[in-house]
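Numbering (my numbering), first residue to last: 20 to 489. Just so it is clear, CB atoms sit at the ideal spot from N, CA and C, and this is done for glycine as well. What you are looking at is a predicted structure, and each value in this text was computed from that prediction instead of being measured. The structure appears right after this line, and notes come after that.
As structure tokens, then:
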């Protein structure tokens, strides 16, 4: 059953935030009162966020939660997907679930919440909503692995461009962990009821995010197993994919104590330009910390040189990571409106006790040429307040959605519970989903993006695929 939550509290930097969900699960083999790893999508005045609820230390969660606003972020209703795990209501057959993502299919007027079960066999599921993300049907199976496959990291997106020859197609991505992270793609043309597997040129990586262009092209950026950001592309409505094409190698500063696998976040504007962002240290002397960087493309095959988003001076101590970009689909080119949410440490060199986790926001109204000064959304969060899952954990990814002139990220916040966050102590954790109460204005600014890479900025910790990102 869905419930309404509206608990507004001031965060640092005077941004009012609203708690939009609450973990109801109390099984002691998962961290109670933990919500993390969100994705959001907005269409019209409706915003839907999905996220893990009740995180297990070894992978997956009790269920996928959702938070839906039908009035542009003014009020929120929340609940949990049905028939997924044994903890769901009604219960499903699976032990755990992970990797939530959300999409809307405008042609068929269907919202789709995708997740990956964590069980003997990891299955890709989609729950469908026909009433604007308020209630959800039992899940449809997108794919169950066969032949020794083992799935990881799902993502879903739909072609909502009415001029596209493939308007109404939806695209799901997953990688096959047991076959070198082989990228797999699936297509639905009936509102997510049925799915067919595409033919994909061999590509190996993690965290693919499908994007549909107004021309009908499909671009799927991902982090390759060789430590670069790559893409595969389709020009036939997701039947076949070519590539992979390399955007850039990753120069990576190892973030202390926090799980941050350096996955891309990507969106597309009205003119079909694709924006891909990730965390990278190439502009910092000695790779002392990460910036958020961006590269763009019109065709998915050729990409612009990597540009630094100028959140802080290059000689600052700030370490930026886990970016989520939003792009206004009503604008494009030199007038494209971009919104970027990210987590950061104000001091990149810190201890488990002294590291301070914050979240920030910047925006651009000229396609990324210039940016606003940063706004702190939340924090400070002490790492002891977070669950552990291959490092302290708020999620491998986040995203940002745009409604009108404002951005609405739904992201994880944490406060101190009854002590530090400890497995089996159901009152010890207090990690939950928030949204900015009135949105974050997309105003842009005059801080110019940077282009000059520092020669000494080599990765201080070469990118290695995590043992698991469930």
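With a cut-off of 8 Å on the beta carbons, I'd call residue 367 and residue 308 a contact; round off their distance for me.
-> With 8 Å as the limit, residue 367 and residue 308 qualify as a contact, their Cβ atoms being about 4 Å apart.
Environment of residue 420 [buried if 16+ CB atoms lie within 10 Å] | With 16 or more other Cβ atoms within 10 Å, it is buried.
Sequence-distant residues of its chain with Cβ nearer than 7 Å to residue 64 (five each side left out) = The answer, listed in chain order, is 89, 90, 91 and 422.
Is the CB-CB distance between residue 87 and residue 44 below 8 Å?
-> Result no, Cβ atoms of residue 87 and residue 44 do not sit closer than 8 Å.
DSSP state of residue 391 mapped onto helix, strand, coil = Looking at residue 391 - three-state DSSP - the assignment turns out to be coil, as it is neither helix nor strand.
What is the DSSP secondary structure of residue 247, counted as helix, strand or coil?
-> Strand, per DSSP.
Going by DSSP, which residues form a beta bridge with residue 425?
-> 422 and 460, per the DSSP bridge assignment.
What are the start and end residues of the beta strand (DSSP E) that includes residue 322?
-> Taken as a continuous stretch (DSSP letters only), residue 322 belongs to no beta strand (DSSP E), as it is neither H nor E.
Using a threshold of 8 Å, state whether the C-beta atoms of residue 231 and residue 288 are closer than that.
-> Going by C-beta atoms, residue 231 is not nearer than 8 Å to residue 288.
Segments of 4+ residues assigned as alpha helix (DSSP H) that fall wholly inside the segment 32 to 97 = Listed in chain order, nothing qualifies, since the segment 32 to 97 has no complete alpha helix (DSSP H) run of 4 or more residues.
The beta strand (DSSP E) with residue 263 in it runs from where to where?
-> That run of the beta strand (DSSP E) goes 259 to 268.
In the DSSP assignment, find the unbroken beta strand (DSSP E) run with residue 206 in it and report its ends.
-> DSSP places residue 206 in the uninterrupted beta strand (DSSP E) bounded by 201 to 207.
Could you check how far apart the C-beta atoms of residue 121 and residue 58 are, in whole angstroms? I think they sit under 8 Å.
-> Between residue 58 and residue 121 the Cβ distance is about 5 Å, and since that is below 8 Å, they are a contact.
Measuring alpha carbon to alpha carbon, tell me which of 386, 200, 215 and 379 ends up nearest residue 337.
-> Nearest C-alpha to residue 337: 379.
Please say whether residue 249 and residue 284 have beta carbons closer to each other than 8 Å?
-> Taking a C-beta distance under 8 Å as the contact criterion, residue 284 and residue 249 do not qualify as a contact pair.
Look up residue 285 in the DSSP assignment and give the residues it is bridged to.
-> Paired residues: 295.
Count the other C-beta atoms from every protein chain shown that fall within 10 angstroms of the C-beta of residue 165, then say buried if there are 16 or more, exposed otherwise.
-> Result: exposed.
Can you tell which of 142, 234, 143 and 155 has the C-alpha that lies nearest to the C-alpha of residue 130?
-> Residue 155 holds the alpha-carbon nearest to the alpha-carbon of residue 130 among 142, 234, 143 and 155.
By DSSP, does residue 152 sit in helix, in strand, or in coil?
-> The answer is coil: DSSP assigns residue 152 none of H, G, I, E or B.
Coil, strand or helix - residue 489 by DSSP | DSSP places residue 489 in the coil class of the three-state scheme, outside both helix and strand.
Drop a sphere of 10 angstroms on the beta-carbon of residue 443, count the other beta-carbons inside from all chains shown, and report buried for 16 or more, exposed for fewer.
-> Residue 443 counts as exposed, since fewer than 16 other C-beta atoms from the protein chains shown sit within 10 angstroms of its C-beta.
Residues near residue 214 in its chain [Cβ-Cβ closer than 6 Å; skip 5 each side] = Excluding the 5 residues flanking it on each side, residue 214 has same chain C-beta neighbours closer than 6 Å at 161, 205 and 207, in chain order.
Alpha carbon to alpha carbon, how far is residue 323 from residue 114?
-> C-alpha separation (whole angstroms): 43 Å.
If we ignore side chains and look at the alpha-carbon of each, how far apart do residue 398 and residue 375 end up?
-> Rounded to the nearest angstrom, the two C-alpha atoms are 8 Å apart.
How would you label residue 222, buried or exposed, when you count the other beta carbons within 10 angstroms and need 16 or more for buried?
-> Here residue 222 is buried, its C-beta having at least 16 other C-beta atoms within 10 Å.
Name the DSSP bridge partner or partners of residue 455?
-> Secondary-structure assignment with DSSP links residue 455 through a beta bridge to 36.
Limits of the beta strand (DSSP E) - the one that residue 341 falls within = For residue 341, the enclosing beta strand (DSSP E) starts and ends at 338 to 346.
Whole-angstrom distance between residue 50 and residue 403, CA atom to CA atom | Distance between residue 403 and residue 50, taken at the CA atoms: about 13 Å.
Per DSSP, what kind of secondary structure is residue 177 in: helix, strand or coil?
-> Residue 177 carries a strand assignment under DSSP once its states are collapsed to helix, strand and coil.
Given 8 Å, three or more beta-carbon pairs between the segment 459 to 466 and the segment 98 to 113 | Counting Cβ pairs under 8 Å, fewer than three are found: no touch.
Can you tell which of 134, 179 and 84 has its C-alpha closest to the C-alpha of residue 128?
-> Comparing alpha carbon positions, the residue from 134, 179 and 84 closest to residue 128 is 179.
Local Cβ density within 10 Å of residue 78, reported as buried at 16 or more and exposed below that = Buried is the call here.
Would you mind working out which of 281, 280 and 271 sits nearest residue 305, comparing C-alpha positions?
-> Comparing Cα-Cα distances from residue 305 to each of 281, 280 and 271, the minimum goes to 271.
Where the beta strand (DSSP E) containing residue 117 begins and where it ends | For residue 117, the uninterrupted beta strand (DSSP E) segment begins and ends at 115 to 124.
If you compare alpha carbons, which of 225, 456 and 313 is closest to residue 425?
-> It is 456 whose Cα lies nearest to the Cα of residue 425.
Leaving out five residues on either side along the sequence, give the residues of the same chain with a beta carbon under 6 Å from the beta carbon of residue 277.
-> Non-local C-beta neighbours of residue 277 in its own chain, meaning closer than 6 Å and more than five positions away in sequence, comprise 410 and 411, ordered along the chain.
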